[in-house]
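Report on one structure; see the data block that follows.
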Amino acid sequence: NIACPMASSLGDVVTLGILAGCAHLLMINIETSLCSWLLFLMIFSIPFFGLSVWKNKHVKDLLFSGWTPILMAMLISSGAGLVLERFVERYQGLAMFTPILCGLAGNLGSIYASRISTCLHRGAQEQFERVEWILLVMNFPIQSLFLFIVWWIELGHLDFTLAFAISYFIVSSLSTYLALKMGKYMTLILWKYKYDPDNYVLPYLTAMMDVICTSLLVISFHWLTSTGYANLNES
Numbered sequence: 001n002i003a004c005p006m007a008s009s010l011g012d013v014v015t016l017g018i019l020a021g022c023a024h025l026l027m028i029n030i031e032t033s034l035c036s037w038l039l040f041l042m043i044f045s046i047p048f049f050g051l052s053v054w055k056n057k058h059v060k061d062l063l064f065s066g067w068t069p070i071l072m073a074m075l076i077s078s079g080a081g082l083v084l085e086r087f088v089e090r091y092q093g094l095a096m097f098t099p100i101l102c103g104l105a106g107n108l109g110s111i112y113a114s115r116i117s118t119c120l121h122r123g124a125q126e127q128f129e130r131v132e133w134i135l136l137v138m139n140f141p142i143q144s145l146f147l148f149i150v151w152w153i154e155l156g157h158l159d160f161t162l163a164f165a166i167s168y169f170i171v172s173s174l175s176t177y178l179a180l181k182m183g184k185y186m187t188l189i190l191w192k193y194k195y196d197p198d199n200y201v202l203p204y205l206t207a208m209m210d211v212i213c214t215s216l217l218v219i220s221f222h223w224l225t226s227t228g229y230a231n232l233n234e235s
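End of the sequence shown sits at 235 in the UniProt record's numbering; the numbers just go up one at a time, nothing left out.
Rendered as structure tokens:
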């Protein structure tokens, strides 16, 4: 309940920070051999990292079983990036709302999947439906607080209307519902076929939720703008 959302959120922040810093460093040294040396260094370090994992008995098995879900999740997440790249300059606030929507839905789905996986490994019985409803309801106060902050300090210079708030709540609720259902059934199905859900569900789930949430948010922004309920076009 704690490790998944914390690791996911901090991972996003750290990744974006490192990406921005590296991009800036490479851009100002684009005419030098720095890029080539960095590429060579990363390729050269692969055997050493592989050996380090091999010596760690707790993660040794991941050298053979963890590649497929990570690589597939990367490809799936690229779809969300393509959608965001196409529409981010068209709609105000899209870049601000997308990580919040994707992150919250993905985290809640991951928490649910991890809880089910833990129960399956322990052979314990639990009322999954009750946990599912609790996690679904948790979406409302968190998103309400976020929308209040956006409205109060006027983040993103949005045309913040009642229709926009309602539309965002609908998209957020639908995204969270889909994340919980997908997390549940993916975990149960993979367990049935003797796959460890901890290694497979979270990468696939978060990647698919990135695509789903981004697409739903773009659709809602387009509908609000085309119907005149909110003007979200970039000026």
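All C-beta atoms, glycine included, are put in the ideal place defined by N, C-alpha and C.
Only a predicted model underlies this, so the values are computations on that prediction, with no experimental measurement involved.
DSSP places N107 within a helical segment (H, G or I) once states are collapsed to three.
One thing to note: I70 has its Cβ within 8 angstroms of the Cβ of P203. Rounded to the nearest whole angstrom, the C-alpha separation of L108 and S36 is 41 angstroms.
Non-local beta-carbon contacts of A105 in its own chain, meaning distances under 6 angstroms to residues more than five positions away in sequence, involve S175, T176, A179, M209 and C213 in chain order. Around the Cβ of S226, a 10 Å sphere holds fewer than 16 other Cβ atoms; the residue is exposed.
By the criterion of at least three beta-carbon pairs nearer than 8 angstroms, the stretch 117-134 is not in contact with the stretch 149-164. By the CB criterion at 8 angstroms, N199 and S172 fall outside the cutoff. The C-beta separation of F164 from A230 comes to about 4 angstroms, placing the pair in contact by the 8 angstroms criterion. Of the residues S167, A207 and I166, the one whose Cα lies closest to the Cα of G183 is A207. Collapsing the DSSP output to three states places Y185 in a helix. Closest in alpha carbon position to M96, among T187, Y193, Y168 and C119, is Y168.
Per DSSP, the unbroken alpha helix (DSSP H) holding H222 starts and ends at P197 to T227. Look at N233 here: in three-state DSSP terms it is strand. About 6 angstroms separates the beta carbons of M186 and L205, which is inside the 8 angstroms limit, making them a contact pair.
Within the DSSP bridge table, the entry for Y91 names N233 as partners.
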